Structures are given as C-alpha cells and as structure tokens.
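J.: Position in the sequence shown counted from 1, then plus 1, gives you this note's numbering. C-beta atoms are modelled at their ideal positions from N, C-alpha and C, and glycine is treated no differently. Model, not experiment: these values are computed from the prediction. First, the structure itself, so that you have it in front of you.
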Amino acid sequence: MEIEIKLPPEKIFDEVYIRQVCAQTCRIPLSEIQAVRYLKRSIDARKKPVHYVLKVKVYKIGESLDEDEQGFELISKPLKKTIAVIGFGPAGIFAALQLLEMGYKPLVVERGKKVKDRRRDLARLNKELIVNPESNYCFGEGGAGTYSDGKLYTRSKKRGDVRKVLKTFVEHGADPDIMVNAHPHIGTNKLPGIIENLRETILRFGGEILFESKLTNFEISTNRITSIEINHHTKIEVDAMILATGHSARDIFELFSYKQLHIEAKPFALGVRIEHTQSLIDSIQYGMPERVENLPPAAYSLVTQAAGNGVFSFCMCPGGIIAPAATDHNEVVVNGWSPSKRNGQFANSGMVVTVNPEHWVKQYGDTPLSALQFQKDIEHKAYQAFNSIQAPAQRVNDFIDNKVSKDLPACSYLPGVGSYDLRLVLPTFISRSLSEGLAHFGKSMKGYRTNEAILVGVESRTSSPVRIPRDKETLRHTQISNLFPCGEGAGYAGGIVSAALDGMACAKAIESH
C-alpha cells in the first residue's frame, strides 16, 4: 500500500525508524513488513517546525515486489536510416538514445567541444573575460545544463516518461536519490562525468557524434531535407533531421529566416540575477537561526503581478554561483548553477519579467526575429556598462529606491561586478515591474528585501525568443516533412527533463514519418 508519513529532519535517513512509523500508520506489526520503497521525499516548511513528507510503498510479507525501473533497452544490432540530431544537449542526447532503442542511427552534430575541452574555455571566460562563441556555458557537449546546475525538476508529467529520464541518469552515474527527491538535482560538478558516460553509450550502440561541427546549411527537395552542410564545406546525406540546438543558437534562426522557412517570435522573460547569502535564505525559509542537520540549503519560488506584468523567480540555485553565459562578444548574460552539495556561501535566482509582443513590436516591428533583436540589444547595453563581461549591478534597496549603489556586497560572479544604474540597461517596463515585484516579495518573505542582496544584469536566456512551428500531432515542421524542431531552442521545452522528453517524443515521431 502507498502512504505518506511525516518525519523530523533528524529521522529522514533512519530506516529503522521509518519502518516503525510505516507499521504504525498501516496498523500492522513491524514483522509483517517485507520492504519499504521510497517514492517521493519533500520538505514542508509552511508550518513550523519544518518536517519532511515521505511517500512510500509498503510491501507485506508474501506480496510481490515491483520490478526495478530501467532506462533505455539498447542492444547491438544493425541500424536503419541515418537521422541527423543537431545539438548534443539533453534534447539531442535523449533523442539519440530513443533512436537507438528504435533501431535508427543517430548522427549527432554538435558545434561545441567535448565536455572536458569545454571546461578550459569556461576557465578562460571566467579568468580572462574572453568569450569563445562556439564553446561556452551554452554551447558544447551536454548543452547549457552541463555547467549550469543540472536541475531535473519538471512539471511536464504528461509529456512522457519522466522516470525513464531520471533512471537513465542514474544508470550513467547520478545519485539514485534523484528518483525520490521532489526537486532532483545532479550538480555541475557531477554532471560532466555523467554526460561523458551517456556519450559512450550512444557510441557503443552505433551512434555517431561529430564535435566542433556546426550546422551551416541544409538542402531541401520537395519539402524534405536531403542533406546537411557542416562547417560550410562537409555535406552529409540524411533521412530526417531533429533540430535540438538550444535557445541560444541564433544563427539557426537567422538561417531559417534566410531560407524563408516558418519561424515566429514568442514571449519570453528577462531581468536580473538576485543573490543573497545562503544563511539568510535558510533563516527565512526554515524559521530558525541556523539550518539543522539533514535539511538542505533552502530554496524558494516567487511569483506576482507588478506594474501589469508577470514577475517571477527562475532557476533558483541554493549554495550556488552566478555564471557568465554570453555566447558572443560584446554581450553580458548571467545564469546560475550549484554544485551537488549546494554548499556555497550564496543563493542566487533569476528574477525576471514576462516580455510579450506589446513590448517589442513598437520598436522592433512584428517580424519573426524582432523579439530576438530586443533580447540582443539589452545584452549589448549590459556589456557597454564597462565594455567587458564585468556585469552591471546594484544593491536591492538602492534599485527599488532608484539610487546608484556607492559600493556593492560580495558577489559570486567571477568576472566581477561594478556599480551601475540597471535602469540604464533594462527597459522601463522591466525596471518598474522588478522594483514593485521585489518590494512585494520583501513583504511575503521577511528579510528578502535587503541592501545586503545584489542584483546582477542581465538574465536574458530564460527561454527562446523564437519558436520554430511544428504540427502538434506529428511534431513535424509546418513546411518540411522530415524536420522535427525540438527542445528549448524550438520553443517546446524549459529545462533538462522537459527537453529530454521532447527529444524522445521527436525521435518516436520518426517512426510514423
């Protein structure tokens, strides 16, 4: 039988105590319990004292145990057809695995480098402030998630087999706890090794992966892609293409526009990163001076309407750092990540405002690339603050009070921050909504509004500002019958798990192609 039990933090890993509570809750003798399977572990901090809620399945003596879950069923076999998978982020990785399970050959084309080589470019980005447009926090093996946190929480329960995705990560080195935790997380320090293991699985079962290989063109005949062009010179014939390039591959959107293929501007969100000390967030969320053992660094999720626009926290990183996520020269973009233990000094989160057509059409027109141009210009303004990827920043109360900060608190952003009026970077509607939203959050989370917290600009890559339209049923592009737009870059996912699920769905759609 399935039950939920409440446990104090100090007992959450005490298996003997948990069995005793299960026996009492089920009103059966302890000796009748054969096994207890953990289904979901979450924290309830709404009422004090803070406690865990553990959902479990209790098996009595004589009852058959559920079979262990597994990821992909892969066997060595001859593969049919060659399916180009453009991009090796979560959508591309899981599309490739699904294709192999179905007996198709995935040809993965990734513009960036292998995960270890990519790390050197990130070190140079942080220390020398030099952006490599083809190898950065967004481009390279594993995609944007590899070096920006590895959060696995998703609300996309109806889009596919979430547990198959999680189990696949476990089979390749992730902590089995991700199968149980309500907000699973791998951590930037562990995810690269897991990505390497996934790569080796794809290669072992017949897939092919080309690194430092950029899709620069493709040929179309009778509404079908017949071949792809790599790095402007290598031509490869393919049977179909899954486009999983991520939300920052702007050249792909421009290529579609040049070829007069259907794309469209879509709403997204833009704002800043907000950073507090983790100890402050712990005390606010847990209602105690210091976090006790077995309670993880606290997270939060905030949303409100302010000045007529949605304002919300995004990609909250307990114990994390703010990272430079620019993909080209002359732009400043910030993101956040956490190590697996989330044991850093600071807590950061995106704090963003919804951007709708009404916000960009007047200045940029009603074109497929107008929202993208809006995004680009703000990133460039952030760069112009210091003509560097040093980021413009303000203390929270100073921003709300419309004052330039005389100095700034310590900040985790390694390229450095400088005091600057963020209203000179952000459009008026975003500044006004952020100011009112932060004031509101300061009332709902006592202590959240403080001048010891810092705002760092700009958080602009929350999602793609362009959608590549596809048929809802077949997942095919609206003009090209063997093209399957996929994941965040096409506008159909938001995060590692939802992108993975969309990659699997697009691969399955090949069967009916």
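Have a look at SER461, SER432, PRO10, VAL418 and flag the residue whose alpha-carbon is nearest the alpha-carbon of ALA327.
T.: Residue SER461 is the option with its Cα nearest to ALA327.
J.: From this set, VAL181, ALA175, GLY207, MET103, which residue's C-alpha is nearest ASN198's C-alpha?
T.: ALA175
J.: With DSSP as the reference, label HIS381 as helix, strand or coil.
T.: The three-state reading of DSSP puts HIS381 in helix, counting H, G and I together.
J.: Could you tell me which residues DSSP pairs with MET352 in its beta bridges?
T.: Assignment of beta-bridge partners to MET352 by DSSP yields VAL273, SER314.
J.: Rounded to a whole number of angstroms, what is the C-alpha to C-alpha distance between ALA124 and GLY88?
T.: 22 Å
J.: I'd like to know if the stretch 32–46 and the stretch 182–193 are in contact, where contact means that at least 3 CB-CB pairs between them fall below 8 Å.
T.: yes
J.: Could you please give me the residues that DSSP links to LYS58 through a beta bridge?
T.: GLU3, ARG38
J.: For SER413, count the other beta carbons within 10 Å of its own beta carbon; 16 or more makes it buried, fewer makes it exposed. Which is it?
T.: buried
J.: Mind checking which residues open and close the alpha helix (DSSP H) that includes SER432?
T.: 429–445
J.: With distances taken Cα to Cα, identify the nearest neighbour of ASP472 among SER406, ILE497, ILE34, ILE264.
T.: ILE264
J.: Quick check on this structure: which residue in GLY345, PHE269, ASN295 has the alpha carbon closest to the alpha carbon of ASP15?
T.: ASN295
J.: Please work out which residues of its chain come closer than 6 Å, Cβ to Cβ, to ARG424, disregarding the five sequence neighbours upstream and downstream, and give them in chain order.
T.: SER432
J.: With H, G and I counted as helix, E and B as strand and the rest as coil, what does DSSP make of MET289?
T.: coil
J.: Would you list the residues sitting across from SER136 in a DSSP beta bridge?
T.: For SER136, which the question treats as bridged, DSSP gives the partners ASN133.
J.: Just how far apart, CA to CA, sit GLY417 and ALA392?
T.: 6 Å
J.: Below 8 Å CB to CB, which residues in the same chain sit around ILE203 once its five sequence neighbours on both sides are set aside?
T.: ILE94, ALA97, LEU98, LEU101, PRO107, VAL109, ILE210
J.: For GLY63, which beta-bridge partners are listed by DSSP?
T.: Its beta-bridge partners do not exist; DSSP assigns none.
J.: If we call anything under 8 Å between Cβ atoms a contact, is THR463 one with ALA270?
T.: yes
J.: Between PRO134 and chain B, is there a C-beta pair that is closer than 8 Å?
T.: The structure shown contains no chain B; it holds only a single protein chain.
J.: State the DSSP-derived secondary structure class of ILE253, mapped to helix, strand or coil.
T.: helix
J.: Is ARG200 closer than 8 Å to GLU142 when the C-beta atoms are compared?
T.: yes
J.: Along the chain, where does the beta strand (DSSP E) that runs through PHE485 open and close?
T.: 484–486
J.: Cα separation between GLN71 and LYS7?
T.: 29 Å
J.: With a Cβ-Cβ cutoff of 8 Å, do ILE243 and CYS507 count as a contact?
T.: yes
J.: Could you give the first and the last residue of the continuous beta strand (DSSP E) run that contains PRO393?
T.: 392–396
J.: I need the straight-line Cα distance from GLN480 to SER222, nearest angstrom please.
T.: 12 Å
J.: Count the other C-beta atoms from every protein chain shown that fall within 10 angstroms of the C-beta of HIS277, then say buried if there are 16 or more, exposed otherwise.
T.: buried
J.: Return the Cβ separation of VAL354 and SER434 in integer angstroms, given the expectation that the two are a contact with Cβ distance under 8 Å.
T.: About 5 Å separates the CB atoms of VAL354 and SER434; that is less than 8 Å, so the two are in contact.
J.: Name the two residues that bound the continuous alpha helix (DSSP H) containing GLN99.
T.: 91–103
J.: Nearest to LYS267 by alpha carbon, out of PRO369, HIS173, PHE140?
T.: Ranking PRO369, HIS173, PHE140 by Cα distance to LYS267 puts PRO369 first.
J.: Around the C-beta of LEU66, are 16 or more other C-beta atoms found within 10 angstroms, so that it is buried, or is it exposed?
T.: exposed
J.: Determine the direct distance from the alpha carbon of GLN376 to that of VAL273, and round the result to whole angstroms.
T.: When rounded, the distance between both Cα atoms is 13 Å.
J.: Please confirm whether GLY488 and GLY247 have their CB atoms less than 8 Å apart.
T.: yes
J.: Using a Cβ distance threshold of 8 Å, determine whether the stretch 253–262 contacts the stretch 356–375, with at least three qualifying pairs required.
T.: The stretch 253–262, when compared against the stretch 356–375, does touch it at the 8 Å Cβ threshold.
J.: Assuming ILE131 contacts VAL57 under a Cβ cut-off of 8 Å, what Cβ separation, rounded to an integer in Å, is found between them?
T.: So it is not a contact: roughly 51 Å between Cβ atoms.
J.: Note down the Cα distance separating ARG120 from ARG477, rounded to an integer number of angstroms.
T.: 35 Å
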